Amino acid sequence: MKKFDPSAAINEYLVFGEFGDVNPSITDSSTYTFQNPGKMDELFDHEIEGCFLYSRHWNPINKYLSNALSKMEDTESAQVTSSGMAAISSAILEICSTGDEIISGRTIYGGTYALFKNFLPKLGITVKFIDIHDHSLIEKSITDKTKIIYAESISNPLLEVTDIPAISKISKKHGLKFIIDNTFSPMIISPVRLGADITVHSMTKFINGTSDCVAGCICSSHDFIAGLVDINSGATMLLGPVLDSFRAASILKNLHSLHIRIKKHGENALFLAEEFEKLGLKVFYPGLRSNKHFELYDSIRNEGFGYGGMIAVDAGSYENACGLMTRMQEEKVGYLAVSLGYFKTLFSSPGHSTSSEIPEEEQLKIGLNKGLVRFSIGLDNDIVPAFEKIKKCMKEFNLI
Ligand SMILES: *Cc1c(COP(=O)(O)O)cnc(C)c1O
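Take any residue in the sequence shown, count from 1 to its spot, add 762: that is its number in our numbering.
Printed below as a string of structure tokens:
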């Protein structure tokens, strides 16, 4: 595959403010004026470049941020949404009707799991949760009702890497839509370049990077995004998960430093993962040579962005995990909090938080141990002092 630098693609996309400002102006309006009614009729019929109707449909700054995201994902188009869950639910509802089926990886974000397991059935949409790494099982699970294959590029919380090129072949063969949640690996993986049809993100995480807002996006073809914003039938137009324009403006500015942050998160995470492994801990990090998905990851990632900022470590028991996290917070390693992609290190116990929607027996089946501690590694200039503190805390619980 040809080399791709998502940060260079974003950098080439220039938008100026009203007075030549280096940042585009923030549009502080819900509605837009027209010179005459005829022009308004025309816009109801089809989109006109540079012409806006109402902010739930499009507004300039949301368009700029969407355009920048489509550059990053190398897709024809994109649309920002008010949350990652809004991006996921809108993309699904745009495609599926009552009676349709979805095939989904079983190690996915807890909120997505709950949407699929508890909410979609209310609309008559059923989801088969399977081991997405078993490609013959994917093939066997497809019926004439199947519309979507859904997976995360790097799964939560075990950090398994999805073989996007291989699954895309299966998806294309059966005429399905292949959706990838790329929240854990922006810039590192470009799912649509690898054969996915739609990429969704929770921009709440790495893309924004400051844990000060909730936002999402959908990146795909012109046709798919045009369908989403269709005034008469589009999922985002009619369900209305519009991103506030002030937030869109701040996320767009943060997006321009994403490549530097992703590299630093990854550099710090790789250091810690290697050190944890040397200490004999059970570590989940796909950038480790010993990881079962290392070679696959290396073959599909964009070079130069590292392996991501997420690590999971097995602390043996839930009691140990709780004790360790409490002590690490006291030692100021970072914060005991859910979420990820923040400039400081965050840690949580997935079995009791972000993956708690997944039933216990299911958690055991997928290897999601109660003692697992998930880290989102921060941007510490020097990560060694944090490592020393973590080591000290681990010794207190006889983990090393
Ligand atoms: C957080 C998260 C979501 C949900 O995003 P929100 O912005 O919280 O709605 C979806 N997928 C993954 C992988 C996530 O980490």
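Using N, Cα and C, we set each Cβ at its ideal position, and we do this for glycine too.
Source: prediction; values computed, not measured.
Proximity test, residue i beta-carbon vs ligand 1 heavy atom, cut-off 7 Å
i	result
lysine 967	yes
serine 845	yes
glutamate 1123	no
glutamate 922	no
aspartate 1006	no
valine 976	yes
threonine 874	yes
serine 964	yes
aspartate 1209	Nothing can be reported for residue 1209, as the shown portion of the chain is limited to 763 through 1162.
leucine 1102	yes
glutamate 835	no
isoleucine 926	no
glutamate 914	yes
tyrosine 871	yes
asparagine 1172	The requested residue 1172 does not occur in the structure, where the chain is confined to residues 763 to 1162.
asparagine 918	yes
phenylalanine 1109	no
isoleucine 850	yes
phenylalanine 946	yes
Residue i vs residue j beta-carbon contact at 8 Å
i	j	result
threonine 874	isoleucine 911	no
glycine 996	leucine 1005	no
isoleucine 892	leucine 882	no
cysteine 979	threonine 837	no
glycine 1002	arginine 1136	no
threonine 793	proline 822	no
serine 952	proline 768	yes
isoleucine 772	leucine 1141	no
glycine 1068	lysine 1025	yes
asparagine 1159	glycine 1103	In the sequence under discussion, the amino acid at residue 1159 is phenylalanine, which differs from the asparagine named in the question. Going by C-beta atoms, phenylalanine 1159 is not nearer than 8 Å to glycine 1103.
leucine 921	methionine 1072	yes
leucine 1043	isoleucine 1139	no
One or two residues paired with residue i in a DSSP bridge
i	result
arginine 1089	Bridge partners of arginine 1089: none, in fact.
glutamine 841	Ile980
aspartate 1076	Leu1134
histidine 963	Cys979
isoleucine 865	Lys890 and Ile911
tyrosine 1097	Leu1108
threonine 793	Tyr816
valine 923	Ile916
phenylalanine 1046	Ala1074
The alpha helix (DSSP H) enclosing residue i, as first and last residue numbers
i	result
glycine 873	872-876
alanine 849	846-857
glycine 971	That residue, glycine 971, is in no alpha helix (DSSP H); it is neither H nor E in DSSP.
glutamate 1150	1146-1158
histidine 897	897-903
isoleucine 1028	The sequence as given places glycine at residue 1028; isoleucine does not occur at that position. First-last of the alpha helix (DSSP H) with glycine 1028: 1020-1040.
proline 883	First-last for proline 883: undefined, no H or E at that position.
lysine 801	799-807
glutamine 1069	Reading off the sequence shown, one finds tyrosine at residue 1069, where the question assumed glutamine. Unbroken run through tyrosine 1069: none, as it is neither H nor E.
methionine 834	822-835
phenylalanine 1008	1007-1017
Delimiting residues of the beta strand (DSSP E) encompassing residue i
i	result
threonine 998	Unbroken run through threonine 998 is the alpha helix (DSSP H), 997-1001; no beta strand (DSSP E).
alanine 913	908-914
lysine 939	939-943
Residue closest to residue i, alpha-carbon to alpha-carbon, out of the options
i	options	result
glutamate 1081	Leu831, Asp943, Lys879 and Leu1134	Leu1134
alanine 1132	Ser1111, Lys1054, Tyr1097 and Ala988	The sequence given here has lysine at residue 1132, not alanine. Taking only the C-alpha atoms, the option nearest lysine 1132 is Ser1111.
alanine 988	Ser792, Ile951, Ile810 and Ser1118	Ile810
alanine 1035	Ile1145, Glu863, Gly872 and Leu885	Ile1145
serine 917	Asn798, Leu1058 and Ser947	Ser947
leucine 1041	Ala1083, Ala928 and Lys1153	Lys1153
alanine 928	Gly957, Leu1020, Leu877 and Lys909	Gly957
alanine 977	Tyr816, Ile1128 and Val962	Val962
glycine 1070	Ile857, Pro768, Ser1019 and Thr945	Thr945
arginine 955	Thr972, Ile926 and Cys975	Ile926
alanine 1083	His1055, Ser845 and Gly1113	Gly1113
histidine 808	Glu1093, Arg1063, Asp992 and Thr998	Asp992
lysine 825	Val923, Ser866, Arg868 and Phe778	Phe778
glycine 1078	Leu827, Met1156, Lys931 and Leu1050	Met1156
asparagine 1030	Thr972, Ala1011 and Val1095	Val1095
Ligand 3 heavy atom lying under 7 Å from the CB of residue i
i	result
glutamate 1057	What this structure holds is ligand 1, not ligand 3.
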